[in-house]
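Asks: In the numbering used here, the protein residues as written are 309 to 550.
Every residue, glycine too, gets a C-beta built ideally from N, C-alpha and C.
#1: Going residue by residue through the stretch 458-530, where are the continuous alpha helix (DSSP H) segments of at least 4 residues, counting only ones entirely within it?
#2: Do you know how far the Cα of residue 421 is from the Cα of residue 488?
#3: According to DSSP, is residue 420 part of a helix, a strand, or is it coil?
#4: So, for residue 514: in the same chain, excluding its five sequence neighbours on each side, which residues have a beta-carbon less than 6 Å away from its beta-carbon?
#5: By Cβ distance, which residues of its chain are closer than 7 Å to residue 495, with the 5 residues on each side in sequence left out?
#6: Starting from residue 451 and walking both ways along the alpha helix (DSSP H), at which residues does that stretch end?
#7: Could you compute how far the alpha carbon of residue 349 sits from the alpha carbon of residue 393?
#8: Of the choices 431, 435, 372 and 363, whose alpha-carbon is the least far from that of residue 412?
#9: Is the distance from the Cβ of residue 359 to the Cβ of residue 451 below 7 Å?
#10: So is residue 465 buried or exposed if we call it buried at 16+ other beta carbons inside 10 Å?
#11: If you draw a straight line from the alpha carbon of residue 345 to that of residue 546, how long is it in whole angstroms?
#12: Counting only the same chain and skipping the five closest in sequence on each side, list residues whose C-beta sits under 6 Å from that of residue 453.
#13: Can you tell which of 516, 361 and 460 has its C-alpha closest to the C-alpha of residue 448?
#14: So is residue 443 buried or exposed if we call it buried at 16+ other beta carbons inside 10 Å?
#15: Can you find the residues in the same chain that come closer than 6 Å, C-beta to C-beta, to residue 434, ignoring five residues on each side of it along the sequence?
#16: Does the Cβ-Cβ distance between residue 497 and residue 467 come in under 7 Å?
#17: Can you have a look at residue 503 and say buried or exposed, based on whether 16 or more other CB atoms are within 10 angstroms of its CB?
#18: Looking at C-alpha atoms only, which residue of 370, 327 and 318 is the closest neighbour of residue 472?
#19: Ordered along the chain, which non-local residues of its own chain (more than five positions away) have a Cβ less than 6 Å from that of residue 425?
#20: Is DSSP giving residue 328 helix, strand or coil here?
#21: Among 347, 544 and 423, which one has its Cα closest to the Cα of residue 491?
#22: For residue 512 versus residue 335, is the C-beta distance shorter than 7 Å?
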């Protein structure tokens, strides 16, 4: 009697909370379930809600508003402090920009996920012969955004204590001995610990989805991130020296 080997059972679906926690603590196992049961809308709503509520709470506090004003006013002509009239205009603009910043997140976040999923779909499906559906791919992309939420929830309290809008988790902040205004300082400032984590998590999700090794995907994505950081540092160095 010949028996046919049973195909491995599909991973059980996970709840929204289980997926959120799983992406942080056990991404590979969680992405197996996500790929088998692709659902992205609920997680997208959670990400947008947490990001906007956190930013709104920070920007509407006295400390956050002062930090926001400081960031806006630091961009005066030739780096010089603004005049009293210019600062009054900045204050008036800040009240509006708090809400446009929040509204911008609501619009930009889903657009960014769709663009990223479209590029990855073209690379892996059209370019490399992958068979994943767009729904599966955008689900992986959206869930990788959980790391960004964790990063913001970690950074905002630190920014409140520090009274600044600058990130406390970029490599530049971790290496304060770097010469201010130098290319190296700008380069390290463009590289964020949570962004690296997010890229690695996305690579894990793509590896599960397309049944490929994680390491080559992670190296490729991190290399692209590094090139973008180099470009940002070069532009900031040029603008600072001009």
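Replies: To lay it out plainly:
#1: 479-482, 491-497 and 501-518
#2: Rounded to whole angstroms, residue 488 to residue 421 spans 34 Å at the Cα level.
#3: helix
#4: 525
#5: 537, 538 and 541
#6: 442-452
#7: Each residue's Cα considered, the two are about 46 Å apart.
#8: 363
#9: no
#10: exposed
#11: Cα atoms of residue 345 and residue 546: separation of roughly 48 Å, rounded to the nearest angstrom.
#12: 355
#13: 516
#14: With fewer than 16 other CB atoms across the displayed protein chains lying within 10 angstroms of its CB, residue 443 is exposed.
#15: none
#16: no
#17: buried
#18: Among 370, 327 and 318, the Cα nearest to that of residue 472 belongs to 370.
#19: 445, 446 and 449
#20: helix
#21: 544
#22: yes
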